[in-house]
Amino acid sequence: MTMTTVRLLPALFAATIATAGGAQTFPAPDPVLQRIWTLGMDSSNVYRLAQALTDSVGPRLTGSPGHRAGNEWALAQYRGWNIPARNEQYGTWRGWRRGVSHLDLVRPRVRSLEAMMLAWSPGTGGKDVEARAVVLPSFADSAAFVKWLPSVRGAFVLISMPQPTCRADANWKEFATPESFETMQRERTAATGAWNRRIASTGFSARDLPRRLEQAGAAGVITSLWSAGWGVTKIFQARTERVPTYDVSCEDYGLIFRLAERGQGAVLRARADAAFLGENPVFNTMAEIRGSEKPDEYVMLSAHFDSWDGASGATDNGTGTVTMMEAMRILSIVYPRPKRTILVGHWGGEEQGLNGSRAFAADNPKVVQGLQSLFNQDNGTGRVSTISMQGLVNAGGHWGRWASRLPMELSRQISFIFPGAPAGGGSDYAGFICAGAPAFNLSSTSFDYGTYTWHTNRDTFDKIVFDDLKSNAVLTAMLVYLASEDPERVPRERRVLAAGSPSSTAVSSAPTPAPPVVNWPACQQPARSSGQSTR
Ligand SMILES: [Zn+2]
């Protein structure tokens, strides 16, 4: 074990604490902050927690057995730390179990394809399905589409645009001549526009087209949602009800598309095992350290627990989940009798519209009313680097005081946005800030989250940067402690919003910036069952 020394420098009112994580400089000595650092750096649990969550529990698709097993696993961790915890049902969701899924090219040559059925895809009924691949052609109008439809009977239909290149743009930029990079980009933009017109020419949206194809007797639907980087594809949900929908990697999709388009006899063999389990109860996992002086005031930790299931949900949102669990573990040791109640929400159903957190906020108005501060994290493994005041004009003073107590190594990396604007969505803090409650997002450095891990087939354990995860857990624990001890409540005065106010969802989990905020966002009703889902 590392020797821990605490050296006080009274002249500077600074304390340096040396641990395995390096020497830390605190602006003022505070034994609780110093212990948080020591525990978080010298006996961190983040590696153990992240490995068990992402490798053993695996993905946590809302309503799936993995989600449920994850809730139980999280509960067991809290119980092991003697922190009271519970799984709270907030609704039901369509249960689905992912089994083995395969897609192989069997003619004109054999190749096992990098492919996966989408979430909630029907299976192939326990057997192999062999069928030719056909490409969705371009139609003069929707009548021509209807006339063509019978030809898909018994075929796999390819409905995504084949990418002209599966190299990341950064690679082109580095090695291609500027002219050929530009030509590629121009051609790709034109092809994308043409493909969108091709879909539109069917008279159906990309979302409704798969169902029409299966009604016409297609053996399955083949898609590819390239994520613009090496080897990455996004795995969302199927829209078919009886036949499987697959996502195929950029490279392999291009292969079968070219073979089919050029009449080279592409035949695929599919095997997909999937079980629909009916509407299942869905839960938020909550854990709590009761406040000793102001139990009806709350400091919350927040991170969604559910994930998509193309990989392990490691950075979306295994890292946020582990950050909050580790912060709770540390706080339960160094700060077991907090002034205010400390409450963590591991939300379900975030990916279907922030449903678990919105349901909690709707069901617990007293917690929303008594909220001193909520800290949410949901955009990957990187160090927390940006925190917006979410349009609360007088929150900044509190943040200034809290930041001034943090060790320099943590505070210097963070940019604050004053006054910011309230998030209308993007992640779970939106379900609290809509009510004017002080809910903040701890936004991380990107690590190419949007391209490489967010909802992709590569969101796996190995992508986690453990130094950053440790740092984020320590930061969160310190913020919770400081917010809990703060003599004053964080005020709720809202900024006046005008057209053009920057939305703070730009730094949330959604990689695409949201449009400017004009009105304070209204709190939305959660979907309490998959039947209420609009997605
Ligand atoms: Zn997320």
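Positions 521 to 1055 (our numbering) are the ones given, in order, by the sequence shown. We treat Cβ as the ideally placed atom computed from N, Cα and C, and that holds for glycine. Remember, it's a predicted structure, so these values are computed and weren't measured experimentally.
Asked                                                                                                                                                                                   : Found
Output needed for alanine 923: all residues of its chain with C-beta closer than 6 angstroms, excluding positions within five of it in sequence on either side, in chain order.         : Ser931
Got a sec, what are the start and stop residues for the alpha helix (DSSP H) threonine 805 sits in?                                                                                     : Segment 787-809 is the beta strand (DSSP E) holding threonine 805; no alpha helix (DSSP H) there.
Straight-line CA distance for leucine 559 to valine 655?                                                                                                                                : 57 angstroms
With a threshold of 8 angstroms, are at least 3 pairs of Cβ atoms found where one atom belongs to the region 784-795 and the other to the region 686-702?                               : no
Report the rounded CA-to-CA distance for alanine 1047 versus serine 1053, giving the unit in angstroms.                                                                                 : 6 angstroms
For threonine 973, write down the residues that DSSP places opposite it in a beta bridge.                                                                                               : Answer is none; threonine 973 lacks a bridge partner.
Given 8 angstroms as the limit, is there contact between the region 985-996 and the region 830-847, that is, 3 or more CB pairs closer than that?                                       : yes
For glutamate 817, which three-state DSSP category applies?                                                                                                                             : strand
Under a Cβ-count criterion, where at least 16 other Cβ atoms within 10 Å of its own Cβ denotes burial, should methionine 928 be classed as buried or exposed?                           : exposed
Exposed or buried, what is threonine 709 when buried is set at 16 or more other beta-carbons lying within 10 Å of its beta-carbon?                                                      : exposed
Report back the beta-carbon spacing between valine 864 and leucine 995 to the nearest angstrom; my notes put them in contact at under 8 angstroms.                                      : That belief does not hold up - the Cβ atoms of valine 864 and leucine 995 are roughly 15 angstroms apart, past 8 angstroms.
Tell me whether the region 932-940 and the region 898-916 touch, counting them as touching only if at least three CB pairs, one residue from each stretch, are closer than 8 angstroms. : yes
Is asparagine 565 near arginine 849, with beta carbons less than 7 angstroms apart?                                                                                                     : yes
Would you kindly work out how many angstroms separate the C-alpha atoms of valine 741 and valine 763, rounded to a whole number?                                                        : 8 angstroms
Quick one: Cα of glycine 774 to Cα of serine 725, how far?                                                                                                                              : 22 angstroms
Drop a sphere of 10 angstroms on the beta-carbon of valine 677, count the other beta-carbons inside from all chains shown, and report buried for 16 or more, exposed for fewer.         : buried
Please report the residue range of the alpha helix (DSSP H) in which lysine 1015 lies.                                                                                                  : The sequence shown places arginine at residue 1015, rather than the lysine named in the question. From DSSP, arginine 1015 is part of no alpha helix (DSSP H); its letter is neither H nor E.
Only counting the same chain, and skipping five residues up and downstream in sequence, which positions put a Cβ closer than 6 angstroms to that of glycine 876?                        : Tyr610, Asn804, Trp867, Gly868 and Gly869
Just to confirm, are tryptophan 828 and histidine 975 a CB contact at a threshold of 7 angstroms?                                                                                       : yes
Would you mind working out which of Val1000, Pro628, Thr582 and Ala881 sits nearest valine 854, comparing C-alpha positions?                                                            : Val1000
Taking 6 angstroms as the cut-off, is the C-beta of aspartate 836 nearer than that to any heavy atom in ligand 1?                                                                       : yes
Going by the CB atoms, is the gap between glutamine 784 and arginine 1055 shorter than 7 angstroms?                                                                                     : no
If you reduce the DSSP assignment to three classes, tell me which class leucine 625 lands in.                                                                                           : strand
Cα separation between valine 752 and threonine 835?                                                                                                                                     : 14 angstroms
Out of curiosity, what's the CA-to-CA distance linking tyrosine 969 and valine 819?                                                                                                     : 28 angstroms
What are the boundary residues of the alpha helix (DSSP H) that serine 935 is part of?                                                                                                  : Per DSSP, serine 935 belongs to no alpha helix (DSSP H); it is in the beta strand (DSSP E), 935-937.
Under the three-state reduction of DSSP, which class applies to glutamate 771: helix, strand or coil?                                                                                   : helix
If you reduce the DSSP assignment to three classes, tell me which class glutamate 1008 lands in.                                                                                        : coil
Taking alanine 635 as the reference, give the member of Glu846, Gly645, Asp624 and Val577 with the closest Cα.                                                                          : Asp624
Alpha helix (DSSP H) containing leucine 729: first to last residue?                                                                                                                     : 729-735
How many Å lie between lysine 754 and serine 1050 at the Cα?                                                                                                                            : 22 angstroms
Sorted by chain position, which residues of the same chain lie with C-beta nearer than 8 angstroms to glutamate 808's C-beta, five sequence neighbours on each side aside?              : Ile603, Pro604, Ala605, Thr861, Ile862, Leu863 and Val864
Let me see if you follow: with CB-CB separation under 7 angstroms, is glycine 600 close to chain B or not?                                                                              : Absent from the structure: chain B. Only one protein chain is present.
Nearest to cysteine 1043 by CA position, among Met844, Gly916, Phe756 and Pro885, is which residue?                                                                                     : Pro885
So, at 6 angstroms on beta carbons, what are the nonlocal neighbours of tryptophan 692 in its own chain, with the 5 sequence-adjacent residues on each side left out?                   : Phe701
Figure out for me which residue from Arg555, Leu573 and Leu638 has the closest Cα to the Cα of aspartate 982.                                                                           : Leu573
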